[in-house]
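I have placed the structure first, in the form of structure tokens, so that the comments after it can refer back to it.
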């Protein structure tokens, strides 16, 4: 999304100009497998599991993913589409889960080395402005992976609001640090909040 890219660029230019630092554009090739890495981490590398569906039912029963998907289309489900998708996927035996689980750990190690003790990775929270809550557009179902993969890797991340886009909907960015450096993300997020004006309520027109 053009507005998201411009907002991202404003953050980069702010730190380059204020602190005279060089911001490097990274090419993280393993991100192309982000959905597979995320799903493998969610099942801990097993061929299949139903632990997540059990969690969604407070560990008292298993959620039927296909039934819940139908309920979603009838506006009767309280779960998000990605959550229902995971319930369906986790029960399907996948011989590649172990491979992607190992690849996820390699990706984690790569980011740890890149960021070190004082590095920050700026990464979109979502590739576009905020979607309708709880009902992602079907064509953009996997856009959750921008924050999902960071969460699955266990890296500290703080979401920073970056104002509104051309349609008066919220934009944002993630500040990500190496594991154990949560305070660094919070410090940078506070700096961004002061520089960019903090959270701005979306236009009521955009919400209609």
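Numbering (our numbering), first residue to last: -7 to 200.
Using N, Cα and C, we set each Cβ at its ideal position, and we do this for glycine too.
Check your understanding: In the stretch 143 to 189, which residue ranges form an unbroken alpha helix (DSSP H) of at least 4 residues, counting only runs that do not cross its ends?
Key -> 174 to 188
Check your understanding: On the premise that residue 194 lies in contact with residue 160, defined as a C-beta separation below 8 Å, what is that separation, rounded to the nearest angstrom?
Key -> 6 Å
Exercise for review: My understanding is that residue 34 touches residue 144, with C-beta atoms under 8 Å, so please give their C-beta distance in whole angstroms.
Suggested key: 6 Å
Check your understanding: Any chance the stretch 2 to 10 sits against the stretch 176 to 191, with 3 or more Cβ pairs inside 8 Å?
Key -> yes
Point to revise | Spatial distance of residue 90 from residue 192 (CA atoms) | key: 43 Å
Review point. Under the three-state reduction of DSSP, which class applies to residue 115: helix, strand or coil?
Key: strand
Point to revise | Outcome for residue 11 when other beta-carbon atoms lying within 10 angstroms are tallied against a minimum of 16 | key: exposed
Exercise for review: Please name the residue in 61, 22, 78 and 15 whose C-alpha comes closest to that of residue 46.
Suggested key: 78
Check your understanding: Among the residues of its own chain, which have a CB less than 7 Å from the CB of residue 180, if the five just before and after it don't count?
Key -> 112 and 167
**Study point:** Cβ pair count under 8 Å reaching 3, the stretch 68 to 75 against the stretch 10 to 28
**Key:** no
Check your understanding: Are the stretch 147 to 161 and the stretch 22 to 34 touching, with three or more C-beta to C-beta distances below 8 Å?
Key -> no
**Study point:** Rounded C-alpha distance that separates residue 109 from residue 58
**Key:** 44 Å
Check your understanding: Sorted by chain position, which residues of the same chain lie with C-beta nearer than 7 Å to residue 178's C-beta, five sequence neighbours on each side aside?
Key -> 150
**Study point:** Ordered list of alpha helix (DSSP H) runs contained in the stretch 28 to 101, each at least 4 residues
**Key:** 43 to 48, 57 to 65 and 73 to 82
Point to revise | Nearest to residue 172 (by Cα), restricted to the options 146, 162 and 163 | key: 146
Exercise for review: Apply the 10 Å Cβ neighbour rule to residue 269 and answer buried if 16 or more other Cβ atoms are within range, or exposed otherwise.
Suggested key: Any answer about residue 269 is impossible in this case: the structure gives the chain only from -7 up to 200.
**Study point:** CB-CB length for residue 29 against residue 96, believed under 8 Å
**Key:** 4 Å
Check your understanding: For residue 140, which option in 182, 101 and 75 has the closest C-alpha, if you only look at C-alpha atoms?
Key -> 75
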